[in-house]
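Going down the list, the sequences are from chains A and B. Under the working numbering, the first residue of the first sequence is numbered 1, with each subsequent residue one higher. Under the working numbering, the first residue of the second sequence is numbered 343, with each subsequent residue one higher. Ideal placement from N, C-alpha and C gives every residue a C-beta, glycine not left out. Quick caveat: nothing in here was measured; it's all calculated off a predicted structure.
2 protein chains.
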Amino acid sequence: MFKTSVAIAALSAGGGAALTAAIYSLRPKDRIADMASSSSSLSSTAIVSSPTAVTAIPANQVFGGPGGPPLPVPGTAPVNPGGLFEYGFPGPVSDIATRAALISSYDRRTRNPHWVVEHITPESLATRGGDRKNSLFLEDDGVPAKFRALLKDYFRSGYDRGHQVPAADAKWSQTAMDETFYLSNMCPQVGEGFNRDYWAHFEDFCRRLTQRYPSVRIVTGPLYLPKKDPVDNKWYVKYEMIGTPPSVAVPTHFYKVIFAEDGRVGGNVAVGAFVLPNARIDNAKPITDFEVPLEAVERASGLEFANLLPMQRRKRLCADTTCALVIKDYNDRQKTFAKSAK
Amino acid sequence: MFKTSVAIAALSAGGGAALTAAIYSLRPKDRIADMASSSSSLSSTAIVSSPTAVTAIPANQVFGGPGGPPLPVPGTAPVNPGGLFEYGFPGPVSDIATRAALISSYDRRTRNPHWVVEHITPESLATRGGDRKNSLFLEDDGVPAKFRALLKDYFRSGYDRGHQVPAADAKWSQTAMDETFYLSNMCPQVGEGFNRDYWAHFEDFCRRLTQRYPSVRIVTGPLYLPKKDPVDNKWYVKYEMIGTPPSVAVPTHFYKVIFAEDGRVGGNVAVGAFVLPNARIDNAKPITDFEVPLEAVERASGLEFANLLPMQRRKRLCADTTCALVIKDYNDRQKTFAKSAK
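This is the structure:
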């Protein structure tokens with residue numbers, strides 16, 4: 001069992017008060033073309049890997065480029081590290097997938113998503129068009145084979161193929177629902193006591209937010225959090241890898257960042273961040289036990305979620321509304337869902 | 343101690359023969375602007391996160407955008423998941439830094455680089471301009487504070503601040519050498535028996551390749567590899583996190599991918615891939631014990647290194663030249679280096 005409280009305490013220690021924390025804006029971006037052709041630049045830039053841009057490097061500025069000089073010397077430097085990109089840009093590439101009901105970003109190293117974003121409204125949830133009985137789990141051939149999570153990785157692993165954006169949030173169309181079944185929207189999740197229980201109740205809580213908010217956006221993804229070893233007092237991240245060879249990481253935790261919008265242009269947004277362990281959780285445990293500062297999720301995931309959302313538009317979700325789960329039996333819930341989806 | 347052979351065996355099992363393997367080319371790229379404005383597209387695209395492009399989304403196509411309609415419906419979808427990017431694009435952002443002697447890509451989650459690329463030549467190594475006695479370890483303020491590796495994270499951690507691109511490869515200028523001391527070019531490395539010994543001999547081997555090849559490119563970075571638990575027969579990734587709060591991951595292994603060029607435009611490239619455990623290694627162990635198929639590094643790192651390098655231009659480094667270390671005592675080596683750098 002994971003010692004949730006310990007890991008979260010560590011997170012929070014580093015997190016501080018997220019909603020009042022200074023948000024670091026992104027630095028000015030350079031194009032990789034600039035970078036490769038001016039390797040003597042000293043500035044570090046928060047640009048993002050861009051394989052497309054590589055092809056824009058003029059051939060005569062790349063060492064060994066076709067038709068180019070054999071040993072160009074950019075500036076005064078005797079070397080040209082950017083010439084390596086002639087052989088291909090290493091990445092990382094996030095394999096962003098745009099579906100009807102979600103957008104996902106994929107981590108080729110853990111073979112799980114970095115994040116999956118969705119949008120639900122009272123109208124979208126009221127629309128009936130899809131039934132999960134018609135959906136099949138799908139390998140995502142948009143991800144290169146060597147980095148792709150496979151059905152056989154999950155087979156007999158002991159873990160559920162856990163939707164990050166739930167199928168039930170996309171029942172407004174069969175296509176939209178089918179697309180939630182790509183493995184790029186999945187992580188290995190503990191089934192009993194978590195994916196089929198507490199986590200499902202948490203997903204239901206997110207849907208019920210549309211009773212109060214006309215538009216709800218949710219970002220969901222995995223975390224790999226350290227815990228303290230009581231023997232040597234050091235912090236270790238430890239997670240299982242499933243598949244043969246071992247390929248897909250089993251996250252220690254999952255986050256959801258919820259943006260509940262008041263529906264007005266430039267209106268208020270109630271923000272809530274939650275981190276739950278990938279483990280059986282007692283239904284009696286209040287969901288507020290898993291509320292964390294947004295910055296704690298950011299520090300742990302390496303991602304940022306609200307850089308462009310001004311502080312004066314933000315509210316704290318669990319202060320603006322009641323954060324509490326409604327516990328339904330899994331089988332009953334499935335029946336209800338199957339019925340309502342017809 | 344790490345059971346290297348076990349982890350590498352697992353890698354290799356998934357790797358196959360890298361140099362003859364099919365290389366997956368990148369898929370056609372869409373811009374994120376297209377993505378956000380056409381969320382009903384079903385195609386998954388290997389585009390790369392691009393925060394700049396977010397600002398290119400027309401405001402009237404984003405839910406809640408200033409001056410835009412409150413609830414636009416792109417296509418037939420009742421929802422617009424891409425509207426989340428109005429609050430900022432989550433990333434991941436790789437904080438690519440362009441220095442005189444290297445280019446680095448940073449992993450905000452592990453607070454280590456993804457990769458650092460360098461280029462050395464007989465001329466660059468013969469040029470004397472820098473002395474490491476003048477260099478100081480530097481936090482990289484190009485990385486937002488909440489994701490930045492800090493000097494205090496390493497302090498008393500028991501690990502060396504291990505250069506990925508070695509200082510000795512950038513002695514052609516003091517500035518170039520100083521820039522190798524950014525923590526974005528570092529990972530926590532075991533000092534005695536590894537960073538100060540076997541790994542240093544391996545770096546020396548890379549430099550000596552310039553005696554045979556007029557141009558050598560090297561990509562270096564960390565890995566986090568699983569090993570099999572003999573008790574439950576499952577595979578686990580386990581690594582320490584140093585710092586308070588725990589912030590910087592201690593890699594289990596390091597890779598180097600070496601491209602030794604013959605100096606002709608479009609000429610042959612001798613490619614070698616190596617994976618070493620972050621642990622004391624006996625100097626008697628041949629470096630060829632750590633040679634792996636390139637695809638093994640790719641599968642483990644989630645990166646790709648030679649997609650654009652045609653197979654007919656490739657040779658296997660350790661077939662094209664002798665792969666063997668020259669073992670020098672660390673103190674002698676430091677003295678030699680200090681002397682030669684003057």
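- Here arginine 655/B carries a helix assignment [DSSP, helix/strand/coil].
- At a C-beta separation below 8 Å, glycine 88/A has these neighbours in chain B: Glu646, Phe647, Ala648, Asn649, Leu650 and Leu651.
- Secondary structure note for threonine 517/B: its alpha helix (DSSP H) is the uninterrupted segment 516 to 521.
- Proline 593/B has its alpha-carbon roughly 13 Å from the corresponding atom of tryptophan 235/A.
- When the beta-carbon positions are compared, valine 558/B and valine 507/B stay at least 9 Å from each other.
- Secondary structure note for serine 557/B: it is in no alpha helix (DSSP H), and the uninterrupted beta strand (DSSP E) holding it is 557 to 565.
- Listed in chain order, the non-local C-beta contacts of cysteine 548/B below 6 Å within the same chain comprise Ile560, local neighbours out to five positions each way being set aside.
- With its beta carbon at least 9 Å from every one in chain A, glutamate 545/B lies outside the interface.
- Under the Cβ distance rule, isoleucine 120/A counts among the residues neighbouring chain B, one pair being separated by less than 9 Å.
- For glutamine 189/A, the secondary structure class from DSSP, reduced to helix, strand or coil, is strand.
- A residue is called buried once 16 or more other Cβ atoms fall within 10 Å of its Cβ, and glutamate 261/A is buried on that count.
- For the region 245 to 278 of chain A, residues whose beta-carbon sits nearer than 8 Å to a beta-carbon of chain B comprise Pro245, Pro246, Ser247, Ala249, Phe259, Glu261, Gly263, Arg264, Val265, Gly266, Gly267 and Val269.
- Under the Cβ distance rule, tryptophan 235/A counts among the residues neighbouring chain B, one pair being separated by less than 9 Å.
- Annotated as distal: valine 639/B and phenylalanine 632/B, with beta-carbon spacing of 9 Å or more.
- Counting only residues of its own chain and dropping the five nearest sequence neighbours on each side, threonine 452/B has a CB closer than 6 Å to the CB of Ala591.
- Comparing C-alpha distances from tyrosine 581/B to each of Asp574/B, Ile623/B, Gln553/B and Cys529/B shows the shortest one belongs to Cys529/B.
- Per DSSP, reduced to three states, the secondary structure at glutamate 481/B is coil, with no helix or strand assignment.
- Sequence-ordered contacts of the region 467 to 488 of chain B with chain A read Thr469, Asp482, Gly484, Pro486, Ala487 and Lys488 [C-beta pairs closer than 7 Å].
- Here aspartate 289/A carries a helix assignment [DSSP, helix/strand/coil].
- Contact note: histidine 456/B reaches chain A through Pro90, Gly91 and Pro92, using a C-beta cutoff of 8 Å and chain order.
- Residue environment for proline 277/A: buried (at least 16 other C-beta atoms within 10 angstroms of its C-beta).
- In the three-state DSSP reduction, tyrosine 236/A falls in the strand class (E or B).
- Within chain A, Lys146 have C-beta atoms less than 7 Å from the C-beta of arginine 641/B, given in sequence order.
- Distance from the CA atom of aspartate 473/B to the CA atom of asparagine 80/A, rounded to whole angstroms, is 21 Å.
- Pairing glycine 425/B with histidine 119/A gives a Cβ-Cβ distance under 9 Å.
- Distance from the CA of proline 286/A to the CA of alanine 149/A, rounded to the nearest whole angstrom, comes to 33 Å.
- Take the alpha-carbon of glycine 500/B and the one of glutamate 534/B: they are about 10 Å apart.
- Residue pairing by DSSP puts lysine 256/A in a beta bridge opposite Thr220/A and Phe274/A.
- Restricting attention to Met583/B, Pro432/B, Asn575/B and Asn625/B, the CA atom closest to the CA of lysine 228/A is found in Met583/B.
- Here lysine 171/A has Arg128, Gly129, Gly130, Met177 and Ala341 as same chain residues with Cβ atoms under 7 Å from its own Cβ, once five neighbours each way along the sequence are excluded.
- Proximity to asparagine 575/B across Pro230/A, Pro245/A, Asn233/A and Val237/A peaks at Pro245/A, based on C-alpha coordinates.
- Per DSSP, the continuous alpha helix (DSSP H) segment holding serine 466/B begins and ends at 464 to 468.
- Arginine 538/B and proline 92/A have their C-alpha atoms spaced approximately 29 Å apart.
- When 7 Å is used as the limit between beta carbons, arginine 212/A is near no residue of chain B, the shortest such separation being about 17 Å.
- Between threonine 418/B and the set Cys318/A, Glu139/A and Glu123/A, the nearest pair of CA atoms involves Glu123/A.
- For lysine 227/A, there is no enclosing alpha helix (DSSP H); the residue is found in the beta strand (DSSP E) stretching over 226 to 228.
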